[in-house]
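Undergrad: So the protein lines, in turn, are chains D and R.
For what it's worth, the numbering used here labels the leading residue of the first sequence as 15, then goes sequentially.
For what it's worth, the numbering used here labels the leading residue of the second sequence as 3, then goes sequentially.
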Amino acid sequence: MVGLALALNAGLASAAYRLNFQPPVTRIASEIYDLHMLMMYVILVIFCVVFGVMFYSIYAHRKSVGHKAEQFHENTTVEIIWTVIPFVILIGMAWPATKTLIAFKDTSNPDLTIKATGYQWKWGYDYIKGEGEGIAFLSNLATPQDQIHNQKPKGENYLLEVDNPLVVPVDKKVRILTTANDVIHSFWVPAFGIKQDAIPGFVRDTWFKADKEGTYRGQCAELCGKDHGFMPIVVEVVSAEKYTQWVAEQKKKSAAAAEDPNKQWTMAELQTKGEKVYAANCAACHQPTGKGLPPAFPALDGSKVATGDKSVHIDTVLNGKPGTAMAAFGKQLSDADIAAVITYERNAWGNKTGDAVQPAEVKAARK
Amino acid sequence: MSAVIDTPGHGHADQDDHAYHPSGLMRWVTTTNHKDIGTMYLWFSFTMLLIGGVLALTIRSELFEPGMQIVNPEFFNQLTTMHGIIMVFGAIMPAFVGFANWQIPLMIGAPDMAFARMNNWSFWLLPVAASLLVISFFVPGGAPAAGWTLYAPLSTQMGPGMDLGIFALHIMGASSIMGSINIITTILNMRAPGMTLMKMPMFVWTWLITAYLLIAVMPVLAGAITMVLADRHFGTSFFNAAGGGDPVMFQHIFWFFGHPEVYIMILPAFGIISQVIPAFARKPLFGYASMVYATSSIAILSFIVWAHHMFTVVMPTAGLLFFMYATMLIAVPTGVKVFNWLATMWKGSMTFETPMLFAVGFLFVFTMGGFTGLMLAIMPVDVQLQDTYYVVAHFHYVLVAGSLFAIFAGTYFWIPKWTGRMYDETLGKWHFWLSLVFFNITFFPMHFLGLAGMPRRIPDYAAQFTGFNEIATIGAFGFGLSQLLFLYIVLKCGPLGKGEKAPARPWEGADTLEWTHLPSPAPYHSFHDQPEVK
Chain D
15 MVGLALALNA GLASAAYRLN FQPPVTRIAS EIYDLHMLMM YVILVIFCVV FGVMFYSIYA
75 HRKSVGHKAE QFHENTTVEI IWTVIPFVIL IGMAWPATKT LIAFKDTSNP DLTIKATGYQ
135 WKWGYDYIKG EGEGIAFLSN LATPQDQIHN QKPKGENYLL EVDNPLVVPV DKKVRILTTA
195 NDVIHSFWVP AFGIKQDAIP GFVRDTWFKA DKEGTYRGQC AELCGKDHGF MPIVVEVVSA
255 EKYTQWVAEQ KKKSAAAAED PNKQWTMAEL QTKGEKVYAA NCAACHQPTG KGLPPAFPAL
315 DGSKVATGDK SVHIDTVLNG KPGTAMAAFG KQLSDADIAA VITYERNAWG NKTGDAVQPA
375 EVKAARK
Chain R
3 MSAVIDTPGH GHADQDDHAY HPSGLMRWVT TTNHKDIGTM YLWFSFTMLL IGGVLALTIR
63 SELFEPGMQI VNPEFFNQLT TMHGIIMVFG AIMPAFVGFA NWQIPLMIGA PDMAFARMNN
123 WSFWLLPVAA SLLVISFFVP GGAPAAGWTL YAPLSTQMGP GMDLGIFALH IMGASSIMGS
183 INIITTILNM RAPGMTLMKM PMFVWTWLIT AYLLIAVMPV LAGAITMVLA DRHFGTSFFN
243 AAGGGDPVMF QHIFWFFGHP EVYIMILPAF GIISQVIPAF ARKPLFGYAS MVYATSSIAI
303 LSFIVWAHHM FTVVMPTAGL LFFMYATMLI AVPTGVKVFN WLATMWKGSM TFETPMLFAV
363 GFLFVFTMGG FTGLMLAIMP VDVQLQDTYY VVAHFHYVLV AGSLFAIFAG TYFWIPKWTG
423 RMYDETLGKW HFWLSLVFFN ITFFPMHFLG LAGMPRRIPD YAAQFTGFNE IATIGAFGFG
483 LSQLLFLYIV LKCGPLGKGE KAPARPWEGA DTLEWTHLPS PAPYHSFHDQ PEVK
């Protein structure tokens, strides 16, 4: 207990021992913060009263100090009192909780609507309505594997950093629609006071209105398989001007990235692009070495699919394999990405098929 | 019953009094004696506690530092899942059934359980189920890794280990249902003359209510996991949106089982505490009738609060409000129980032998778990805390400091009656203090981790969570090792037969039938002639 008390004292002085919620940056999050504090105080008072009585009794009513047992029992008045008092306290707690709950559920009239899709194991964001409509990207963990496996020192935002953060304007009501592609995930940003499960095949919603610029970090909060601990959420809240600028940049980028669907790619181009796509989307399960983690995640190196008929390979990547962890990547990746990654898989490691798959072939297979 | 069979001149001398039974292993395989079966239940659950504990310590070792050190993420998920399933279905539930087997006949003055052969069967199903669980670690893809809640559609993704897990749960469910039928029948039909329902010891009352809960909800769990099985192998789409199903339906069905299940694991604990505190305060239980009503209200409320486990899933505002208010309401009967125990202690003449220490420890630490439960009932706060370490802290406060401490209290309380020997009081006290201190070192910091934003069921975490995780891991090893002391204490007065001989009534304030009418140890066959209760 002494050790614990010392640790707690040390904790007060250091960020490594945070004792309470993260600083809230939305109205809902601060209401939750206050609600929690209010409850804490009430609970502390009850705690002191109840255990004050208990410890006094332990001290005073011991046989060793010669206390004789009285034989009283049952007392309707006392029993009514200790049923009614907790009930009244509960009503006192329910009142502010109800107010916050109703505000929490009010997702009407948003300035910006974004769909967050949970994938095993990354998030995809689609800007559906409002400024920036049409922007869509995937957001992957940016922490390198060698930090996770302790071969390199861990960075400042270890496990809470992504390649493409969600960018939103400050002081605007943002409605988040959640859904998922495979299993249930949960979209959680503690500083905003929101957590909403993302359910495959269904769309749910929540909202926030951040009142301070900054970078806020959260994580997937529903067990979703192997890499559940490795799919963070990073939200950058920026000023209105910066947001407009960011939107323009994204539009330019996506215009540049829109490839000519009939372009013939060279083997080298496909392989270079494919290696990147592989690292971002496939390596978590099938491993950078292509050896996989059998039996749940089979090896690609020397596998029947990756060395056999091309069309089976394309179909597997596009549509996944129902009943297994193999996801359908058709909706997540572009034709060029899929063509590139298949070409890479068919020519990497010990696979020497010499096949090059063109985006046009993928496009044809989609139908 | 036996009085009828044991008529003079009946058969061989060695079969008189039912004293004849096979020896060695076959005694245990074929036994229909409630004491033998109770003993087997208790040893089984202790074995499972150790297995589940090893899994827990592996989890805590991996979480000692950020980064992946000992296990990989898939195996980590198997560990958390199997730790939960083994502790809930293998350790806590069978331990209470063990208590029921030993104590209910002794406390109501019955010669044995009503269905003696079914009793044997319901025990021997358990080792089979446990073996399936252990074997699942060694099949391709490993053990179930979807969390003990087995949420679909993640659980439809798993390998054959999940099928073994589902089969094991079916078997354990069947075992629980048989056990409950037996307990209800015994209590309702075999009480000593004069023992009306409202004169039954509290432990018997809490088990009667628990047995009804089990019969009501175990089939619901069986239904949910059978649907998962069908989705996995028979092409159905109960939980698959693409086929017209709904993944959230699994959670509704699961928690309709799951919340009463929580009370299945705590009501018998309340019963044990309600026997121990009056015995050591040398004073009757303060509000016997209101304790019975409070226990029943908790049981009834447990059927209408399940969706508080799903506040972040989605519900209409009215649904959220209903489940929030209903959940908060549980605090009232739970408070009544705590106040009753306090009032029982008040102006008593207390001594603090190990059973009483564990009972007071239970009261203190379980109530803290109750407070965090109240916090989690508040839906907006729950949104921040759902699926974080705060929840992990909360349910370990009620299941370890609640159920497990009560099991310890009950074991120390009744072991003189079971073995005829007193346990080692000094070692018992050491066991209590080590358990209490290390328990809090392990689980108290988890509240802070959850508040600060650490999700549960993750194999690796961001650097700011390191400090409290280190403390928790150290505490976990201390807690785990302390339980070996418990093993030694039990072995010493049980199988090794050492220690002072126990009198028939070693506890001054204990006044139920097993203390007043039977010697210690209780004879192999007790209450041939039922005692009269005034």
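Where is the CB? At the ideal position from N, CA and C, for every residue including glycine.
Could you confirm whether any beta carbon from chain R is found closer than 8 Å to the beta carbon of D:M53?
TA: Answer yes: the Cβ-Cβ gap between D:M53 and chain R drops below 8 Å somewhere.
Undergrad: Contact between the stretch 203-223 of chain R and the stretch 284-301 of chain R is defined here as three or more beta-carbon pairs at a separation below 8 Å; is this criterion met?
TA: Segments in contact, yes.
Undergrad: Return the chain-ordered list of same chain residues with a C-beta closer than 6 Å to the C-beta of R:A170, the five sequence neighbours on each side being excluded.
TA: Taken in chain order, the residues that qualify are A131, L134, L135.
Undergrad: Would you say the stretch 42-56 of chain D touches the stretch 368-387 of chain R, given that touching needs at least three Cβ pairs under 8 Å?
TA: Yes, they touch.
Undergrad: Hey, quick one: how far does the beta strand (DSSP E) through D:K186 stretch, first residue to last?
TA: It is not in any beta strand (DSSP E) - D:K186 carries neither H nor E in the DSSP assignment.
Undergrad: Closest Cβ-Cβ distance between D:W449 and chain R: below 8 Å?
TA: Chain D is shown only over 15 to 381; residue 449 of chain D falls outside these bounds and no answer can be derived.
Undergrad: Hey, quick one: how far does the beta strand (DSSP E) through D:T229 stretch, first residue to last?
TA: Here the beta strand (DSSP E) through D:T229 covers 228-234.
Undergrad: D:Y257 and D:E145 - do their beta-carbons sit closer together than 8 Å?
TA: Their beta carbons are under 8 Å apart, which means D:E145 touches D:Y257 by this criterion.
Undergrad: Using alpha carbons as the reference points, say which of R:F101, R:W343, R:I88, R:M115 lies closest to R:G167.
TA: Comparing Cα positions, the closest option is R:I88.
Undergrad: Along the stretch 69-87 of chain D, where does the CB come closer than 8 Å to a CB of chain R? Name the residues.
TA: Residues S71, I72, H75, R76, K77, S78, H81, K82, A83, E84, Q85, F86, H87.
Undergrad: Take R:Q466 and list the residues in its own chain whose beta-carbon comes closer than 8 Å to its own, dropping the five residues that flank it on each side.
TA: A454.
Undergrad: Whole-angstrom Cβ separation of R:L552 and R:I491, contact assumed at under 8 Å?
TA: Residue 552 of chain R falls outside the range modelled here, since chain R spans only 3 to 536, and no answer is possible.
Undergrad: Identify each residue in the stretch 391-406 of chain R for which the Cβ-Cβ distance to at least one residue of chain D is less than 8 Å, and report them in chain order.
TA: Hits within the stretch: zero.
Undergrad: In the stretch 51-110 of chain R, which residue ranges form an unbroken alpha helix (DSSP H) of at least 4 residues, counting only runs that do not cross its ends?
TA: The qualifying runs are 75-87, 95-110.
Undergrad: So, for D:A370: in the same chain, excluding its five sequence neighbours on each side, which residues have a beta-carbon less than 7 Å away from its beta-carbon?
TA: If we look at D:A370 and ignore the five residues flanking it on each side, its Cβ neighbours are M281, L284, T357.
Undergrad: Please name the residue in D:E175, D:F222, D:E250, D:A150 whose C-alpha comes closest to that of D:Q161.
TA: When each option's Cα is compared against that of D:Q161, the closest is D:E175.
Undergrad: Between which residues of its own chain and D:V39 is the CB-CB distance below 8 Å, once the five residues before and five after are set aside?
TA: The answer, listed in chain order, is A205, F206, A224, D225, K226, G228, Y230, V251.
Undergrad: Tell me whether R:R507 sits in a helix, a strand or coil according to DSSP, three-state version.
TA: Three-state result, R:R507: coil.
Undergrad: Write down the C-beta distance between R:H398 and R:F445 rounded to the nearest angstrom, noting that I regard them as a contact closer than 8 Å.
TA: Their Cβ separation, rounded to whole angstroms, is 5 Å, which keeps R:H398 and R:F445 in contact under 8 Å.
Undergrad: Does the beta carbon of D:K324 come closer than 8 Å to any beta carbon on chain R?
TA: It does not: the Cβ of D:K324 has no partner Cβ on chain R nearer than 8 Å.
Undergrad: If we ignore side chains and look at the alpha-carbon of each, how far apart do D:L314 and R:E76 end up?
TA: Those two C-alpha atoms are separated by around 19 Å.
Undergrad: Would R:M448 pass as a contact of R:V402 if the rule is Cβ separation under 8 Å?
TA: Result no, Cβ atoms of R:M448 and R:V402 do not sit closer than 8 Å.
Undergrad: Under 7 Å Cβ-Cβ, which residues of chain R neighbour D:P214?
TA: Those within 7 Å of D:P214 in chain R are P155, A243, P249.
Undergrad: Taking R:L152 as the query, report the chain D residues whose CB atoms sit under 9 Å from its CB, ordered along the chain.
TA: The contacting residues do not exist; R:L152 stays about 10 Å from chain D at best.
Undergrad: What would DSSP say about D:L347, mapped onto helix, strand or coil?
TA: Coil.
Undergrad: Can you find a C-beta in chain D that's less than 8 Å from the C-beta of R:S207?
TA: In the sequence as presented, Ser is not what sits at residue 207 of chain R; that position holds Trp. Closer than 8 Å: no.
Undergrad: Helix, strand or coil for D:M53 per DSSP?
TA: Helix at D:M53.
Undergrad: In this structure, how does DSSP classify D:Q161 when only helix, strand and coil are distinguished?
TA: The answer is helix: DSSP assigns D:Q161 an H, G or I state.
Undergrad: Using only CA atoms, which one of R:M456, R:A148, R:G289, R:G260 lies nearest to R:M347?
TA: When only C-alpha atoms are compared, the closest one is R:G289.
Undergrad: Could you check which residue in D:M68, D:K381, D:I60, D:N365 has the C-alpha nearest to that of D:T303?
TA: Of the listed residues, the one whose Cα sits closest to D:T303 is D:N365.
Undergrad: Is D:D241 closer than 8 Å to D:T121 when the C-beta atoms are compared?
TA: Not a contact, by the Cβ cut-off of 8 Å.
Undergrad: May I ask which residues mark the beginning and end of the beta strand (DSSP E) holding D:E250?
TA: Element bounds for D:E250: 246-252.
Undergrad: Return helix, strand or coil for D:A150, following the three-state DSSP convention.
TA: Correct three-state label for D:A150: strand.
Undergrad: Between the stretch 308-316 of chain R and the stretch 260-268 of chain R, do three or more beta carbon pairs fall short of 8 Å?
TA: Cβ pair count under 8 Å is three or more, so yes.
Undergrad: What are the uninterrupted segments assigned as alpha helix (DSSP H) that are 4 or more residues long and contained completely in the stretch 449-515 of chain R, given in chain order?
TA: 468-495, all fully within the stretch 449-515 of chain R.
Undergrad: With DSSP as the reference, label D:Y172 as helix, strand or coil.
TA: Coil at D:Y172, not helix or strand.
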